[in-house]
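Respectively, the protein sequence lines represent chains P and D.
Read left to right, the first sequence gives residues 0 to 302 (numbering that gives the first Met the number 0).
Read left to right, the second sequence gives residues 0 to 259 (numbering that gives the first Met the number 0).
Glycine included, C-beta positions come from ideal geometry on N, C-alpha and C.
Small disclaimer: the values here were computed from a predicted structure and weren't measured.
Single-structure report; data block below.
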Amino acid sequence: MARLDVKIGNLELKNPVMTASGTFGYGIEFADFIDLNRLGGFIVKGTTLKHREGNPYPRMAEVPMGMLNAVGLQNKGIDYFAENIYPELKDFDTNVIINVSGSTIEDYVATAEKCNALENIPAIELNISCPNVKEGGMAFGTSTKSAEDVVSAVRKAYDKTLIVKLSPNVSDIASIAKAAEAAGADSVSLINTLLGMAVDAEKRTPLLSTVTGGMSGAAVKPIALRMVWQVFNAVKIPVIGLGGIMNATDAIEFLLCGATGVQLGTANFIDPQITVKVIDGINEYLDRQGCKDVNEIIGALKV
Amino acid sequence: MKKSIQDLRIVSKEYPGNNYVLLKMTTTDGSLLPEMLPGQFAELKVDESPSTFLRRPISINYVDKDNNHVWFLIQMIGDGTKKLGSLNEGDLISVILPLGNTFTTDLTQGSKALLVGGGVGTAPMLYLGAALKAKGVNVSFLLGARNIDALLQLEDFRQYGNVHTTTEDGSHGEKGFITNHSVLNDEKFDYIFTCGPKPMMMAIAKYAADKKIECEVSLENKMACGFGVCLCCVENTKEGHKCVCSDGPVFNLKKLLWQD
Numbered sequence: 000m001a002r003l004d005v006k007i008g009n010l011e012l013k014n015p016v017m018t019a020s021g022t023f024g025y026g027i028e029f030a031d032f033i034d035l036n037r038l039g040g041f042i043v044k045g046t047t048l049k050h051r052e053g054n055p056y057p058r059m060a061e062v063p064m065g066m067l068n069a070v071g072l073q074n075k076g077i078d079y080f081a082e083n084i085y086p087e088l089k090d091f092d093t094n095v096i097i098n099v100s101g102s103t104i105e106d107y108v109a110t111a112e113k114c115n116a117l118e119n120i121p122a123i124e125l126n127i128s129c130p131n132v133k134e135g136g137m138a139f140g141t142s143t144k145s146a147e148d149v150v151s152a153v154r155k156a157y158d159k160t161l162i163v164k165l166s167p168n169v170s171d172i173a174s175i176a177k178a179a180e181a182a183g184a185d186s187v188s189l190i191n192t193l194l195g196m197a198v199d200a201e202k203r204t205p206l207l208s209t210v211t212g213g214m215s216g217a218a219v220k221p222i223a224l225r226m227v228w229q230v231f232n233a234v235k236i237p238v239i240g241l242g243g244i245m246n247a248t249d250a251i252e253f254l255l256c257g258a259t260g261v262q263l264g265t266a267n268f269i270d271p272q273i274t275v276k277v278i279d280g281i282n283e284y285l286d287r288q289g290c291k292d293v294n295e296i297i298g299a300l301k302v
Numbered sequence: 000m001k002k003s004i005q006d007l008r009i010v011s012k013e014y015p016g017n018n019y020v021l022l023k024m025t026t027t028d029g030s031l032l033p034e035m036l037p038g039q040f041a042e043l044k045v046d047e048s049p050s051t052f053l054r055r056p057i058s059i060n061y062v063d064k065d066n067n068h069v070w071f072l073i074q075m076i077g078d079g080t081k082k083l084g085s086l087n088e089g090d091l092i093s094v095i096l097p098l099g100n101t102f103t104t105d106l107t108q109g110s111k112a113l114l115v116g117g118g119v120g121t122a123p124m125l126y127l128g129a130a131l132k133a134k135g136v137n138v139s140f141l142l143g144a145r146n147i148d149a150l151l152q153l154e155d156f157r158q159y160g161n162v163h164t165t166t167e168d169g170s171h172g173e174k175g176f177i178t179n180h181s182v183l184n185d186e187k188f189d190y191i192f193t194c195g196p197k198p199m200m201m202a203i204a205k206y207a208a209d210k211k212i213e214c215e216v217s218l219e220n221k222m223a224c225g226f227g228v229c230l231c232c233v234e235n236t237k238e239g240h241k242c243v244c245s246d247g248p249v250f251n252l253k254k255l256l257w258q259d
């Protein structure tokens, strides 16, 4: 059995496998299916300063090898999380990470400060890439200037591991990653969903209430791999790869392209046990390849 | 209730009507199926269908405890459900169950319940009817379909109560829509349960509200996960957005915004 532990900033993970925000609830929803303590970490759903009802129904459309969603960051706010959810999560033997979203820099900072006070939350993932909210979210992640502004403001308010989640809906993701790094991010995670659309031809209507939505699932993997590879070659901080990972081989491809950790997202909907299967699969791969440590394959793509 | 994910084996496959398949399934190792309640559903994985990415939510049609079978009545509409219908006895399907909440079944003995189902929405009414009859409730079914070929499992329903039917072409029961059936005027009910197309359920809900009858509806909003994490299947209720998969699929009419 090879060593699977990796480090992201000051964050120590027992293995590189985490879950993507918005696909794993608060983790406890999966407790019937898996032992959460086996995960490298899990990232709870996008949390904002105040309660958000999210977008109207319909919010989901299935597409070939993937899906579109338009949830719009429905959540009860950071104070509700701290009072009602955190006590249930704080004693798990894994990294529980909060995905932080906002519509203004002040909101991001205020939410990050509240996260800072939660002792057993070792990291936050700053979501500057949600395509489903009008007033911000993705807007922060689509220019180097606004990315740098929000990341440096949060950096001053947050002293644990700061991961910045990047949008793929940009022309040069590496430059956004570099801006996040320069502003003090400890890591970048990518990709968030790709802006997409689905149409009912008979009714002549969009399938989502918001017309456009975020695409995820197996179909996005080649784009995600390309972006992880580009960002890995552009920054010095660790990269977390996600987008279309459906099995252990997919996850290994991301590690080879330079990801220190991976997140499983949409795959959790289809197989709620996929995370532990991927951990086991990475381990088998390392044994088969004669590797003693997962770090040997990170960025080990032969080009 | 603890959810499980496991492969179940198809022990019998029937075609009770046009475009419908009834799969009776059991565990592969002889272990007991988890406890399931009327109104709950399962998520069935579809293999070898390139256009089917997500599992398919299918309501629990009936639980045959004597034989350790769970029944799924599936309308074959898209590629995914057609693929499920093309499987054979002995084949395995990965199933997550039980999911969702349940219809209220602790009604007063001797009270009168009307169970209204339209199309494939009749499916959960069979197991509900059986549970209510076992509690001494006086059960009536009102089942509607386009035509006689789409009226399913009538013999099974008759074991648990009076069966009233409507078809749009008059080929069985009263001609027309469920909401015009004479039983709604001729009899008085204490409780109404309904599942089916939304316009039908809304009309039944209006009837129930006008007559001040307690009413529970089962919704089938489009969902990705089935266990409350994707937040896609929300219904806007008096308490805000609620997930049909985990807060529902059964909602008391009073919680919905249908009457406003």
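Asked	Found
Quick one: what does DSSP say residue 179 of chain D is sitting in, helix, strand or coil?	helix
Enumerate in chain order the residues of its own chain whose CB-to-CB distance from residue 55 of chain P is below 7 Å, with the five nearest sequence positions on each side excluded.	208
Are residue 74 of chain P and residue 53 of chain P closer than 9 Å when you measure CB to CB?	yes
With a threshold of 9 Å between beta carbons, is residue 269 of chain P in contact with chain B?	Here chain B cannot be found, since the structure's protein chains are P and D.
With 16 as the cutoff for other CB atoms within 10 Å, does residue 262 of chain P come out buried or exposed?	buried
Looking at the strands, I want to know which residues DSSP matches up with residue 5 of chain D.	D/94
Can you check the stretch 61-119 of chain P for any beta strand (DSSP E) of at least 3 residues that lies completely inside it and give the ranges in chain order?	65-68, 94-99
Looking only at C-alpha atoms, which of D/155, D/190, D/177 sits nearest to residue 108 of chain D?	D/190
Can you say whether residue 56 of chain D is buried or exposed, counting buried as having 16 or more other CB atoms within 10 angstroms of its CB?	buried
Give a yes or no on whether 9 Å exceeds the smallest Cβ distance from residue 95 of chain D to chain P.	yes
Answer yes if the stretch 153-161 of chain P comes into contact with the stretch 195-205 of chain P, meaning at least three C-beta pairs across the two stretches below 8 Å, and no otherwise.	no
In three-state DSSP terms, what is residue 140 of chain P?	helix
Pick from P/190, P/116, P/277: whose alpha carbon is nearest that of residue 38 of chain P?	P/277
Under 9 Å between beta-carbons, which chain P residues line up against residue 235 of chain D? List them in chain order, please.	52, 55, 56
Does the beta-carbon of residue 27 of chain D have 16 or more other beta-carbons within 10 angstroms, so that it is buried, or is it exposed?	exposed
Which whole-angstrom value is the C-beta distance of residue 110 of chain P and residue 10 of chain P, which I expect to be below 8 Å?	Not confirmed; about 19 Å, so no contact.
Note down the Cα distance separating residue 329 of chain P from residue 128 of chain P, rounded to an integer number of angstroms.	One cannot answer for residue 329 of chain P here, as it falls past the ends of chain P, which runs 0 to 302.
To the nearest whole angstrom, what separates the beta carbons of residue 150 of chain P and residue 182 of chain P, a pair I think is in contact under 8 Å?	4 Å
Which full runs of the alpha helix (DSSP H) of 4+ residues lie inside the stretch 181-257 of chain D, going along the chain?	182-185, 197-209
Going along chain D in order, which residues have a C-beta closer than 8 Å to the C-beta of residue 70 of chain P?	229, 230, 231
So the beta strand (DSSP E) residue 112 of chain D belongs to, where does it begin and stop?	111-117
Please classify residue 173 of chain D: does DSSP put it in a helix, a strand, or coil?	strand
Using three-state DSSP, classify residue 23 of chain D as helix, strand or coil.	strand
Three-state secondary structure (DSSP) at residue 2 of chain P?	strand
Beta-carbon within less than 6 Å of residue 4 of chain P's beta-carbon, same chain only, minus the 5 sequence neighbours each way: which residues are those?	13
Going by beta carbon distance, what residues of the same chain come within less than 6 Å of residue 145 of chain P, once the five residues before and after it are set aside?	139
If distances are taken between C-alpha atoms only, which option among D/180, D/186, D/153, D/221 comes closest to residue 202 of chain D?	D/180
What's the gap between the Cα of residue 186 of chain D and the Cα of residue 217 of chain D?	23 Å
Distance, Cα to Cα, residue 203 of chain P vs residue 95 of chain P?	43 Å
Using only CA atoms, which one of D/21, D/223, D/205 lies nearest to residue 252 of chain D?	D/205
Rounding to the nearest angstrom, what Cα-Cα distance links residue 149 of chain D and residue 86 of chain D in this structure?	21 Å
Residues of the stretch 23-46 of chain D in Cβ contact with chain P at a cutoff of 8 Å, in chain order, please.	44
Hey, how far is the Cα of residue 246 of chain D from the Cα of residue 146 of chain D?	33 Å
How is residue 14 of chain D classed by DSSP in three states: helix, strand or coil?	strand
Considering only C-alpha positions, which residue in the set D/160, D/233, D/142, D/173 is nearest to residue 200 of chain D?	D/142
Residue 269 of chain P and residue 247 of chain P look like a contact to me (Cβ under 8 Å); what is the Cβ gap, rounded to whole Å?	Actually they are not in contact, since the Cβ atoms of residue 269 of chain P and residue 247 of chain P sit about 15 Å apart, beyond 8 Å.
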